[in-house]
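Per the numbering used here, residue 44 is the first one in the sequence shown, and the count goes up by one each step. Every residue, glycine too, gets a C-beta built ideally from N, C-alpha and C. Treat the numbers as computed from the prediction; the structure is a model and nothing was measured. A quick write-up on the structure given underneath.
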Amino acid sequence: MGNSVLQKSPEEIRKMKEYYSKFLIDKLPPGSVFAAKTPSCAITAYKSGKVLFQGKDGESEAAKWGMATAPAAKKSAALTPGAHLPKNIAEMAIIGSDEVGTGDYFGPITVVAAYVRRQDIPVLKELGVQDSKNLKDDKIIEIARQLVTFLPHSLLTLHNEKYNKMQMKGMSQGKLKALLHNQAINHVLDKIAPEKPEVILIDEFAKEPIYFAHLKGQRKIIRENVLFSTKAEGIHLGVAAASMIARYAFVRHFENLSKRAGFTIPKGAGAAVDKAAARLIVEKGMDVLPEFVKLHFANTEKAKKIARV
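Shown next as structure tokens:
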């Protein structure tokens, strides 16, 4: 189950209630403002401002409205990131896997798996590889351009046109990410064979059972030595390197989208994005939107209202 919690203002909750008007249910939990149930997600908004998303598409549904403040779980059950991993994992030879773009309205999802040997770790430190959230895009690009020259890696890009078609067929964002991670890891294992990593570390976007459930039916599922952790970029430089390469590719795709649009497209999923999408609709028509955006995000309806279509 992909559960997420967002903290929202009364006005944002009002907009959410309007957005989910077709799915509202009468029986409200104590302290709630509204409750709705879509085919794949239950949404409950509380007077405290917390909005709970529960169900197989909970994470991707929440992503339409912003970043989750925390997973919907009891704090007492929360573990320190990496506490379940080998104590010396930071020194191991690993394949690290991470993705970028899942919460952005514009731009594709990019997934990268990268192999970092023990002897590569001092080099990565020297280059300044670290959690990409601590760095600006220009610095990430500078470092990533060097990483791709010597790290065995696989970069997969799910462009929005294909993403939208798969999403409309009922495939959740969580499943799409799992498929991409598994494929990227497979590619890297093929590249480095017969050499093998000591560990494969995936930046956790779903719990292990859910991740493997998403992969059911795939021809080749990588399970051996696969570990998961939140904030994995800070645990091993292999994941940080993968994240940087993914971000580098994502930024380049954004630049190409801006050229095609004829104006600079903003990242994220905020108000600036709504205005940019509205401008795109006015200048190029609704038909081009699937090539640029993730249609199921709430931004689509906001943009249409702004564009008055």
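Which listed residue (Asp100, Leu300, Leu332, Ile288) has its alpha carbon closest to that of Leu219: Asp100
Hey, how far is the Cα of Ala275 from the Cα of Phe248? 11 Å
Can the beta-carbon of Ile152 be found closer than 8 Å to that of Ile243? no
Comparing C-alpha positions only, which one of His202, Leu201, Ala187 sits nearest to Pro195? Ala187
Buried or exposed: which applies to Glu61, given that a residue is buried once 16 or more other Cβ atoms fall within 10 Å of its Cβ? exposed
Is there contact here, the region 86-94 with the region 228-237, by at least three beta-carbon pairs under 8 Å? no
Around the C-beta of Leu49, are 16 or more other C-beta atoms found within 10 angstroms, so that it is buried, or is it exposed? buried
To the nearest angstrom, report how far apart Val143 and Val231 are at their CA atoms. 18 Å
From Gln97, Asn46, Phe149, His127, pick the residue whose C-alpha is nearest to that of Ala341; which is it? Phe149
CA-to-CA distance, Ala221 to Lys208, given in whole angstroms: 17 Å
Identify every residue that forms a DSSP beta bridge with Thr200. Thr153
Alpha carbon of His296 to alpha carbon of Trp108, nearest angstrom: 23 Å
Which two residues bound the contiguous beta strand (DSSP E) that contains Gln97? 93-97
Between which two residues does the alpha helix (DSSP H) carrying Ser103 extend? 101-106
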